[in-house]
Amino acid sequence: MRHPKALEWEERLDRIFDRIDKSLEEEFGDAYSLHPVRARRKPTGNPEHDGLFRLGGVFSAGFGSEKGAGYIVRVEIVTLDDVPDDIEDHYEDFVAERLKQELPVEFPGVELNVERDGPRYKIYGDLSLGKA
């Protein structure tokens with residue numbers, strides 16, 4: 001069982017990823033063909049299950065990391081097409097820049113950073129749950 005404050009924190013983070021997914025799909029959603037089992041945008045009601053992109057954050061305790069604990073930013077392109085590394089990097093950079101804009105809106109007054117930690121972006125900083 002997870003702490004209600006942790007669930008609330010992650011729901012807020014999911015809302016950010018949903019907004020970023022929408023803009024990513026609008027700008028780049030037709031760049032590659034969808035995986036054959038992937039629905040077009042919107043029919044599932046969950047952006048993780050439709051469209052070209054699947055975004056999210058996966059918590060990492062940060063062992064062996066330069067940045068410590070945080071959320072590894074997941075940007076997946078759901079296609080069988082070959083996507084060049086520089087294009088994947090471009091999408092990841094797009095998501096990271098949007099996170100930098102959206103995090104202060106959803107988490108006002110909370111110091112959160114978005115930087116590369118190894119090969120992936122990570123959200124790190126004040127991950128406290130307030131007065132839980």
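Everything in the sequence shown is counted per the working numbering, starting at 1 for the first residue and increasing by one. C-beta: ideal position from N, C-alpha, C; glycine also.
Quick check on the DSSP output: the alpha helix (DSSP H) that includes residue i runs from which residue to which?
i     : result
SER23 : 4 to 28
GLU76 : Counting along the chain, GLU76 falls outside any alpha helix (DSSP H), though it belongs to the beta strand (DSSP E) covering 70 to 77.
LEU99 : 85 to 106
In terms of residue numbering, what span does the beta strand (DSSP E) encompassing residue i cover?
i      : result
LYS122 : 120 to 125
TYR32  : Looking at the DSSP string, TYR32 is not in any beta strand (DSSP E), and its letter there is neither H nor E.
GLU115 : 112 to 117
VAL178 : This structure cannot settle anything about residue 178, because the visible part of the chain is limited to 1 through 132.
Under 8 Å Cβ to Cβ from residue i, same chain only, skipping five residues before and after it: list those, please.
i     : result
SER60 : ALA69, GLY70, TYR71, ILE72, LYS122
SER23 : ARG98
Compare the C-beta of residue i with all C-beta atoms of chain B and state if any pair is closer than 7 Å.
i      : result
VAL114 : As a matter of chain content, chain B is missing from the structure shown, which is built from one protein chain.
Under 7 Å Cβ to Cβ from residue i, same chain only, skipping five residues before and after it: list those, please.
i      : result
ALA132 : Low confidence applies here, because ALA132 scores a pLDDT of 46, under 50, leaving its location unreliable and the question unanswered by this model.
Taking the CB atoms as reference points, tell me whether residue i and residue j lie closer together than 7 Å.
i     : j     : result
PHE17 : LEU55 : yes
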